[in-house]
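Taken in order, the sequence shown gives residues 12 to 365; the numbers are from my numbering.
Where a beta carbon is used, it is the ideal one built from N, C-alpha and C, also for glycine.
Have a look at the structure below, then the notes.
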Amino acid sequence: MSLAAEGVRNLQPFELTPGAGINVVVGANAAGKTSLLEAIYFVARTRSFRATRTAQMIGNGHEALWVRAQTQGHTIGVARDSQETQVRLDGRDGRSLSELARYLPVQVINSEHQRLLLDGPAVRRSFLNWAVFHVEPQFSTVWGRYVRALRQRNAALKAGESRLAWAYDEGLIETADTIDRNRRHLIDALEPRWSALVRRWLPDEPVALHYRPGWRSDEPLADRLEAQRELDRQRGFTNSGPHRADLSFRVAGVEAQHRLSRGQQKLLVLALLLAQAAVTHTLTGQSLTLLVDDLAAELDPARRAAVVEAIASSGNQAFLTAIEPGDIPLAPDAAQWFHVEQGRIHSGPPPAAG
Numbered sequence: 012m013s014l015a016a017e018g019v020r021n022l023q024p025f026e027l028t029p030g031a032g033i034n035v036v037v038g039a040n041a042a043g044k045t046s047l048l049e050a051i052y053f054v055a056r057t058r059s060f061r062a063t064r065t066a067q068m069i070g071n072g073h074e075a076l077w078v079r080a081q082t083q084g085h086t087i088g089v090a091r092d093s094q095e096t097q098v099r100l101d102g103r104d105g106r107s108l109s110e111l112a113r114y115l116p117v118q119v120i121n122s123e124h125q126r127l128l129l130d131g132p133a134v135r136r137s138f139l140n141w142a143v144f145h146v147e148p149q150f151s152t153v154w155g156r157y158v159r160a161l162r163q164r165n166a167a168l169k170a171g172e173s174r175l176a177w178a179y180d181e182g183l184i185e186t187a188d189t190i191d192r193n194r195r196h197l198i199d200a201l202e203p204r205w206s207a208l209v210r211r212w213l214p215d216e217p218v219a220l221h222y223r224p225g226w227r228s229d230e231p232l233a234d235r236l237e238a239q240r241e242l243d244r245q246r247g248f249t250n251s252g253p254h255r256a257d258l259s260f261r262v263a264g265v266e267a268q269h270r271l272s273r274g275q276q277k278l279l280v281l282a283l284l285l286a287q288a289a290v291t292h293t294l295t296g297q298s299l300t301l302l303v304d305d306l307a308a309e310l311d312p313a314r315r316a317a318v319v320e321a322i323a324s325s326g327n328q329a330f331l332t333a334i335e336p337g338d339i340p341l342a343p344d345a346a347q348w349f350h351v352e353q354g355r356i357h358s359g360p361p362p363a364a365g
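Take a look at the structure:
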């Protein structure tokens, strides 16, 4: 991969060629480390992982920003001004975001991902759908068909048009079976890898991962929809289906967030994200680019070293930010190093003090 960008927050215009393995980005707070990760995410997803409005990425004194990446034999360019985002892939306009995601799949790993434990099911469903998409490229199409049928069914229920609502059941059931099958296939591949990391990092905590499909697993969805018709009619929405799926993490039968410390929660989520990256690599042969921000936070040196070892052995490209080189326990020749000073990105670790 090679990267170039201009107009991204406080970063000076840059061109760089990261390594295919681990890249460590060192710098003081507010130097621009996270902005570099944000630029990579932007060219892959056309949005920011930090700001609700992508235009907030545009640096002071700039009317627009652009980021270009060359990867897997393709050139991706994404630009943003105050009004719109423009995407070019290999010199042509308007390619789909799902196509960009296949050419440059990225996964951010930061403190926000503890929301996978702490927030409601919607966050975990979003993660699950994103993970399935990268191993089942047609998943987004099937999910879109399901969501359209669900919206139409719910609209009919709210309007009191029950017969019309039931007419959408067949479309829901057909797509739901595919969605559930794809999700289970992913979980079956992911769970052993996740468990192995959790046992290594949290040996004293019997943590278990459970997938709930959104309806009783001992009953076909068709039967559940028929049995719940009166409930759906009363409430005005569909109470069962893949849109109600969830993942749960339990320690000796108790929700993990109620038993684990913040640092332990971070390790559990890191294990999930790294296992997902490993599954993508195994099933598709494609590596993810991991954007790991502030790994040192809430992890002691021993656990930090264990996580870095897992990232290094994953076969994925990774960018790890740190305030000090010693925060990332790697030999100088085990990674490609960059340091950021007042928005300028330099190759190599920062010069030694004194």
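If you draw a straight line from the C-alpha of residue i to the C-alpha of residue j, how long is it?
| i | j | result |
| --- | --- | --- |
| D304 | N34 | 12 Å |
| D229 | R126 | 30 Å |
| S93 | D199 | 44 Å |
| P116 | L27 | 19 Å |
| A219 | P362 | 45 Å |
| A342 | Q23 | 28 Å |
| T152 | H254 | 15 Å |
| P214 | Q239 | 43 Å |
| E181 | Y157 | 10 Å |
| G365 | D130 | Interpretation of G365 is limited by its pLDDT of 45, a score under 50 that renders its predicted location unreliable; the figure taken from the coordinates is listed afterwards. One C-alpha to the other measures close to 46 Å. |
| G32 | A321 | 12 Å |
| A16 | A50 | 8 Å |
| T96 | G171 | 40 Å |
| E237 | V54 | 45 Å |
By the three-class DSSP mapping on this structure, what secondary structure does residue i have?
| i | result |
| --- | --- |
| Y179 | coil |
| G354 | coil |
| W212 | helix |
| V78 | strand |
| G365 | Reliability fails at G365, whose pLDDT of 45 lies under 50, so the model's placement of it is uncertain and the value that follows must be treated cautiously. Coil at G365, not helix or strand. |
| W154 | helix |
| A308 | coil |
| S13 | strand |
| R99 | strand |
| R136 | helix |
| R91 | strand |
| L128 | helix |
| E147 | coil |
| E185 | helix |
| D229 | coil |
| E266 | strand |
| E172 | coil |
| E241 | helix |
| N40 | coil |
| R56 | helix |
Please return the same chain residues whose Cβ sits closer than 7 Å to the Cβ of residue i, not counting the five positions on each side in sequence.
| i | result |
| --- | --- |
| H73 | G18 |
| A62 | M68 |
| G88 | W77, R79 and R99 |
| A308 | S122 |
| A187 | Y157, L232, G252 and P253 |
| R159 | none |
Considering only their Cβ atoms, is the gap separating residue j from residue i smaller than 8 Å?
| i | j | result |
| --- | --- | --- |
| A286 | L208 | yes |
| R204 | V290 | yes |
| Q276 | L139 | no |
| T86 | D101 | yes |
| R58 | A112 | no |
| R192 | H221 | no |
| L183 | G252 | yes |
| T82 | Y114 | yes |
| N40 | G354 | no |
| L271 | L306 | no |
| A75 | A90 | yes |
| H405 | V280 | The requested residue 405 is not part of the displayed model; the chain covers only 12 to 365. |
| R194 | V143 | yes |
| S173 | R244 | yes |
| L302 | V119 | yes |
| F349 | I356 | yes |
| R314 | S259 | no |
Per DSSP, what are the beta-bridge partners of residue i in this structure?
| i | result |
| --- | --- |
| I322 | DSSP, once it has assigned bridges, lists no residue as partnering I322. |
| N34 | F330 and Q347 |
| A282 | A282 pairs with nothing; no bridge assigned. |
| L258 | Y222 |
| Q118 | L301 |
| T27 | Per the sequence presented here, residue 27 reads as Leu, with Thr not at that position. Paired residue(s): L14. |
| T86 | Q81 |
| V19 | I69 |
| D191 | None, per the DSSP bridge assignment. |
| D104 | R99 |
Who are the Cβ neighbours of residue i in its own chain at under 8 Å, not counting the five residues just before and after it?
| i | result |
| --- | --- |
| P217 | V262 and A263 |
| R235 | W226, R227 and S251 |
| K169 | G247 and F248 |
Within the same chain, show all residues whose beta-carbon is closer than 6 Å to that of residue i, passing over the 5 residues directly before and after it, in chain order.
| i | result |
| --- | --- |
| I334 | none |
| T300 | V117 and Q328 |
| V351 | G38, A42, G43 and K44 |
| L283 | W205 |
Is it the case that the CB of residue i approaches a heavy atom of the ligand GTP more closely than 7 Å?
| i | result |
| --- | --- |
| S324 | You won't find the ligand GTP in this model; it holds no ligand whatsoever. |
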